[in-house]
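The block underneath contains the structure these notes are about, expressed in structure tokens.
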Amino acid sequence: MAKLSIRSVSKSYGAVRVLDDVSVEVEEGSFVVLLGPSGCGKSTLLHAVAGLNPIDSGTVIIGDRNVTNLPARDRDVAMVFQSYALYPTMSVAENIAFPLKMRGLDRQTSQEKVAAVARLLQIEPLLERRPRELSGGQRQRVAIGRALVRDPRLFLFDEPLSNLDAALRTELRAEIKRLHQSIRRTMVYVTHDQTEALTLADKIVVLKAGKIEQIGTPLSLYDDPDNAFVAGFIGSPRMNFLKARVAEDGKAVLVGDTRVDVSHLSTRLVDGQEVTLGIRPEHLDEKQGVELTLAVDVTERLGSTSYVHGALPGGETVVAERREDQPRFGETITLRFLPGRTRLFDTQGLRLR
Amino acid sequence: MGRRAVFYLGLLLLLLAVLFPLYWVVVTSFKTTRDAFAIPPVWLFSPTLDNYRTVFANRGFLSAFANSFVVSILSSALAVAIGSVAAYGLAQQPGDLRRSKEKFILSLRIAPALLFVIPMYYLATRIGALNQHWLLIAAYAFVNVPFAISLLITFFDDIPKELRDAARVDGAREFSVFWHVYLPAARGGIVATLILCVLFTWNEFFVALVLTGRDTQTLPVSITSFLTFQGIQWGALTAAATLIMLPMIVLGVLVQGQIVRGMTLGSVKG
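Quick note, the sequences are listed as chains F and H, same order.
Here the first sequence is numbered in our numbering, starting from 1 and rising by one per residue.
Here the second sequence is numbered in our numbering, starting from 1001 and rising by one per residue.
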């Protein structure tokens, strides 16, 4: 078990900068999720930590050891891959024992450790099978077993649940969470799925185009995003972004003709300045507050709640949560929200606080 | 319907063209000299093993059989051993680096054997290696290595890169990744490559003609001893040819699937 420091890591493939001065601190025993859309560099960063891809500049420190120039085998990390990456010609038991074999552990001890891990992950009946005889969920369990068996200083997960169907994903997600709570090892987890990030992470690092957009706890990213990208990426359905203009007194913004009070912000707003008002679907279902009229287009019923898609009089599309009623296509409804729930962004997408 | 008939007719003609000579060789080997040259040909005859007796009585032929066996197995094994390590290394390299090396290997495959056989003959006479098996084994291994590399690369490319990543994180050195993960996963391809090398070596004539001495003659060279000044001993010749073909046909049938896969992979991607 160890902490992980990623300091000013950069990497380019030809002219493309896939990691641009990335620094992340991962505390001992914590669960950090690298989150971002595909191509944002999150997997490259994880591979750099594992030592699978060399980096152009920067330092990677695991525990108190600078591992930047060490090969993967000497970094004492374990990794779980999206494609499971089980060795096809070995049995499940041999797969799990492989890291021990490579480190020259004797057969007796190795067998005991494999048995212990198999018990923990409830894959004991599978030990003699080959990977191709397993289902996706079982394969990923075996892959996790192979990572666990050695008690490494750092666990790395590279989108481990992306190849699984929805039900299995939820199940295994909870299992990984439980695993972390019971063994309390440092884990770094890459995903593009914000639900996984929010449910698993102690801390989320949001990446976009090789740069860190924001680092924070799941709740702080959700409540207090630094920019429109993070605000839009975290939360499902995503935050609504409405074009707005600062009113004459600088204490409110106008969405169409609707006045939204923003006098609680400390930023000085200029009359006529163009801004973006962000408001989450779940905050548009208040009993009182600022009102917007919505022409309903589609209603998605989820049972416990519904999401209404529609357009404002200005033509902007909005998604709103609706807990009490389920309006139909063609109806016009009133959305109410509290100005304090809105988040304001400038034209560059930076948050105005 | 008509098109189908034409297709099958064409197929039949092709099959005849390919299989008839084989049939003729095998059948002639069981005929007496008189039957063999009867005109019109004798389709039904009483088979004889005389020709095979002649062949097996020929000491040169038996030692050539042993030579062919040893040389083709050892040289192919050597070629596959070297080729698989090289192919593994190439398969792990980034595209641009890899392509230039692949071009070089391809150029070795294109180069005519004459190019290296003549200097090799000269060197061999100088160091007195002309009548030794290892010379032939080395020559064939050299011819087969580029072939083995380009074929094995396609098999290694089929193995997901994550397996190497996983093995490296699991503590494997590069050679361990190759030995414990890639080699077992590409076992089918290795066997196919080995057999194709053996087939080539077994049938090869030109290199063998130049580089073999009296004690190291291989079958394709030794079979020419049936073309004597007194005339061609057709019976013995066809019996010898049948014996030469037999092991390769058996081998070919046994691993047909793998070989077809290997050859198509090689031709499409390599």
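Glycine is no exception: its CB is placed at the ideal position from the N, C-alpha and C atoms.
Looking at the unbroken beta strand (DSSP E) that takes in residue i, where does it start and where does it end?
i        : result
GLU25/F  : 16-26
VAL255/F : 252-255
VAL260/F : 258-261
Which class does residue i belong to by DSSP, given the choice of helix, strand or coil?
i         : result
ILE1223/H : helix
GLU316/F  : coil
GLU213/F  : strand
THR1216/H : coil
ASP271/F  : coil
TYR13/F   : strand
ALA2/F    : coil
ARG336/F  : strand
PHE1045/H : coil
GLY1270/H : Interpretation of GLY1270/H is limited by its pLDDT of 34, a score under 50 that renders its predicted location unreliable; no figure is taken from the coordinates.
VAL290/F  : strand
THR109/F  : helix
ARG129/F  : coil
SER8/F    : strand
LEU221/F  : helix
ASP249/F  : coil
ASP1158/H : coil
Kindly indicate the opening and closing residues of the alpha helix (DSSP H) around residue i.
i         : result
MET187/F  : No alpha helix (DSSP H) contains MET187/F, which is instead part of the beta strand (DSSP E) from 187-191.
ASP1035/H : 1033-1036
VAL1026/H : 1002-1029
ASN95/F   : 92-102
LEU1286/H : Residue 1286/H lies beyond the residue range present for chain H, which begins at 1001 and ends at 1270; the question has no answer from this structure.
ARG245/F  : Element bounds for ARG245/F: not the alpha helix (DSSP H) but the beta strand (DSSP E), 240-246.
SER1107/H : 1095-1110
ASP1165/H : 1161-1169
VAL1210/H : 1206-1211
VAL67/F   : Note, VAL67/F: premise wrong, no alpha helix (DSSP H); not H, not E.
GLU175/F  : 166-183
PHE1116/H : 1114-1127
LEU134/F  : Here LEU134/F belongs to no alpha helix (DSSP H), and DSSP marks it neither H nor E.
ASN1203/H : 1187-1203
Provide the residue(s) that pair with residue i in DSSP beta bridges, ordered along the chain.
i         : result
TYR307/F  : GLU300/F and GLU321/F
LYS295/F  : The identity of residue 295/F in the sequence shown is Ala, whereas the question assumes Lys. Its beta-bridge partners are ALA311/F and THR332/F.
ALA78/F   : PHE155/F
THR1228/H : GLY1231/H
VAL205/F  : LEU34/F and ILE215/F
GLY278/F  : PHE241/F and ARG343/F
LEU352/F  : LEU344/F
VAL60/F   : ILE6/F
ASN227/F  : LEU350/F
ASP285/F  : ARG336/F
How many whole angstroms separate the CB atoms of residue i and residue j, which I take to be in contact at a CB cut-off of 8 angstroms?
i         : j         : result
ILE62/F   : ARG184/F  : That pair is no contact at about 17 angstroms.
LEU1078/H : ALA1038/H : Actually they do not touch by this definition, with Cβ atoms about 48 angstroms apart.
GLY278/F  : ALA228/F  : 7 angstroms
VAL18/F   : GLY210/F  : 5 angstroms
ILE204/F  : VAL142/F  : Actually they do not touch by this definition, with Cβ atoms about 28 angstroms apart.
VAL206/F  : VAL149/F  : That belief does not hold up - the Cβ atoms of VAL206/F and VAL149/F are roughly 32 angstroms apart, past 8 angstroms.
ILE1105/H : PRO1040/H : Contact doesn't hold; Cβ gap of about 52 angstroms is too wide.
LEU1211/H : ILE1244/H : At roughly 19 angstroms, the Cβ-Cβ gap does not stay under 8 angstroms, so LEU1211/H and ILE1244/H are not in contact.
SER1029/H : THR1242/H : 5 angstroms
ARG103/F  : PRO225/F  : Wrong, their Cβ atoms sit about 44 angstroms apart, outside the cutoff.
GLN82/F   : GLU196/F  : Actually they are not in contact, since the Cβ atoms of GLN82/F and GLU196/F sit about 12 angstroms apart, beyond 8 angstroms.
VAL188/F  : VAL16/F   : Contact doesn't hold; Cβ gap of about 23 angstroms is too wide.
VAL1143/H : ALA1113/H : 7 angstroms
ASP20/F   : SER10/F   : 6 angstroms
LYS208/F  : GLY36/F   : 6 angstroms
Look at residue i and residue j and say whether their C-beta atoms are less than 8 angstroms apart.
i         : j         : result
LEU1136/H : ALA1208/H : yes
ARG322/F  : ASP285/F  : yes
VAL260/F  : LYS42/F   : no
VAL1191/H : SER1076/H : no
VAL67/F   : ARG75/F   : yes
TYR1182/H : ILE1149/H : no
PHE241/F  : GLY289/F  : no
LEU52/F   : LEU34/F   : no
ALA2/F    : THR217/F  : no
THR267/F  : LEU352/F  : yes
ALA78/F   : VAL1169/H : yes
LEU1163/H : THR1193/H : no
LEU294/F  : LEU335/F  : yes
GLU316/F  : LYS243/F  : yes
GLN1217/H : GLY1060/H : yes
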